[in-house]
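*Asks:*
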Amino acid sequence: MISFLTFLVIVLGLITFGRIIRIFELSSELRGSDVNAVTTSDNKTHSLILLILGSAFIFMVFYMSYAMNDKMLPAAASEHGVAIDTLFRFNWAILGVAFFITHGLLVFFAAKYYFKKEHKPVFFVHSTKLELIWTFIPAVVLSTIIVYGISKWNQIVAPVQDDVMVIELYAKQFDWTARYAGDDNQLGKASFRAIDGSNPLGIDFTDPQSLDDILVRNEFHLPVGKEVIFKFHSRDVIHSAYMPHFRAQMNCVPGMTTSFHFKPIKTTEEMRVETANDKFDYILLCNKICGASHFNMQMNIIVEDETSFRQWLGSQKTIAEDRKAAAAPVEVKTDSLAAPADSAKVHAVTADASKH
Ligand SMILES: [Cu+2]
20 MISFLTFLVI VLGLITFGRI IRIFELSSEL RGSDVNAVTT SDNKTHSLIL LILGSAFIFM
80 VFYMSYAMND KMLPAAASEH GVAIDTLFRF NWAILGVAFF ITHGLLVFFA AKYYFKKEHK
140 PVFFVHSTKL ELIWTFIPAV VLSTIIVYGI SKWNQIVAPV QDDVMVIELY AKQFDWTARY
200 AGDDNQLGKA SFRAIDGSNP LGIDFTDPQS LDDILVRNEF HLPVGKEVIF KFHSRDVIHS
260 AYMPHFRAQM NCVPGMTTSF HFKPIKTTEE MRVETANDKF DYILLCNKIC GASHFNMQMN
320 IIVEDETSFR QWLGSQKTIA EDRKAAAAPV EVKTDSLAAP ADSAKVHAVT ADASKH
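Residue numbering for the sequence shown follows this note's numbering, beginning at 20 and increasing consecutively.
1. From the DSSP output, in three-state form, read off Asp202 for me.
2. Per DSSP, Leu241 forms a beta bridge with which residues?
3. Could you tell me the alpha carbon to alpha carbon distance between Gly51 and Asp61, rounded to whole angstroms?
4. Which one or two residues does DSSP pair with Ala260 in a beta bridge?
5. Do you know how far the Cα of Ile214 is from the Cα of Ala112?
6. Could you give the DSSP three-state label for Arg317: helix, strand or coil?
7. Mind pulling the alpha helix (DSSP H) runs of 4 or more residues that sit fully within the stretch 29-99?
8. Taking only runs of the alpha helix (DSSP H) that begin and end inside the stretch 115-157, which ones reach a length of at least 4 residues, in chain order?
9. Do you know how far the Cα of Tyr85 is from the Cα of Arg108?
10. For ligand 1, is there a heavy atom less than 8 Å away from the beta-carbon of Met318?
11. If we ignore side chains and look at the alpha-carbon of each, how far apart do Ser162 and Phe155 end up?
12. I think Lys16 touches Val185, with their Cβ atoms under 8 Å apart; what is that distance to the nearest whole Å?
13. Who are Ser187's beta bridge partners in DSSP?
14. Could you check the C-alpha separation between Leu206 and His99 for me, to the nearest Å?
15. Return the CA-CA distance between Val322 and Phe239, expressed in angstroms with no decimal places.
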């Protein structure tokens with residue numbers, strides 16, 4: 020009913036507006052003047068309006084970037100992230116200057132040279148000087164951005180040192196599993212053919228390198244100041260592992276391994292102090308719309324000192340321990356692979372939905 024009334028008000032409003040215009044037309048006809056004629060004073064008024072609105076627009080662009088600054092991500096928490104932030108700021112500075120000059124001139128000239136009958140435009144077919152200016156300046160600026168960007172990118176994706184820690188991030192609709200490579204720092208083999216209810220990652224348990232691997236859900240830990248290489252996998256569709264505070268993102272593509280490495284430089288505690296938010300947590304998100312529960316596909320990341328990290332990792336069960344526990348007949352099964360209650364619910368709901 021409300022929407023019908025709103026519709027009615029809009030329609031009646033439009034009809035009224037049309038009628039008012041018609042009244043203006045009729046009254047100007049009676050006066051013998053043309054209501055559609057554009058006078059110099061009209062043009063002058065419009066040029067003034069353009070100048071005011073145009074300047075307000077330019078001012079707001081800069082003011083909002085300043086006022087909304089606290090909505091941006093906090094300072095980077097990884098070594099390469101600092102370089103990415105610098106690169107970003109450099110690009111924004113250039114864009115800011117170019118935007119200010121071009122839009123300032125656009126508004127200024129449009130207002131200054133509003134239509135007057137006595138104005139005569141200058142006509143010329145070619146100006147070498149002008150062409151040199153508008154070719155040379157953008158070429159130099161763009162080359163600088165590209166060369167600077169490529170050199171930073173090459174540093175970021177340069178081969179890793181030998182003592183890098185290997186972690187697999189395994190994506191599926193709709194959760195993440197982190198697999199630590201264990202003492203040998205080698206991930207055991209895995210294949211989609213081995214996937215079943217008790218082995219959602221398809222790990223090859225006959226591979227000795229699998230046995231010391233550690234699987235974790237819900238949250239995973241990283242030691243501060245240590246380079247970590249992530250190997251990304253997906254079981255179903257393309258997901259994207261996004262760790263915004265570390266300025267890291269990589270697609271997880273079914274059937275292939277992608278990777279990215281970085282070094283966290285601030286612990287969760289340090290970041291809580293820096294952001295003055297004692298609830299702050301680093302997060303891993305899925306950044307590809309991958310299905311109904313995409314929004315909830317996330318995992319907390321805890322960055323801590325090496326000792327606490329070792330302690331935490333030591334408290335997690337390796338695959339060998341886990342399988343032993345599962346095989347024991349009377350022991351209560353505490354399977355680290357078991358999905359947490361909430362995510363189990365989500366899966367049940369999705370499974371139900373797909374039946375219809
Ligand atoms: Cu996803």
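In this text, a Cβ means the ideal position worked out from N, Cα and C, and glycines have one as well.
*Replies:* Per the coordinate set shown:
1. coil
2. Val322
3. 19 Å
4. Met269 and Cys305
5. 50 Å
6. The sequence given here has Gln at residue 317, not Arg. Note: Gln317 maps to strand in three-state DSSP.
7. 59-86
8. none
9. 13 Å
10. no
11. 10 Å
12. Since the displayed the chain opens at 20 and closes at 375, residue 16 lies outside it and no answer follows.
13. The question names Ser, but residue 187 is Glu in the sequence shown. DSSP output for Glu187 lists Arg198 and Lys250 as bridge partner(s).
14. 25 Å
15. 9 Å
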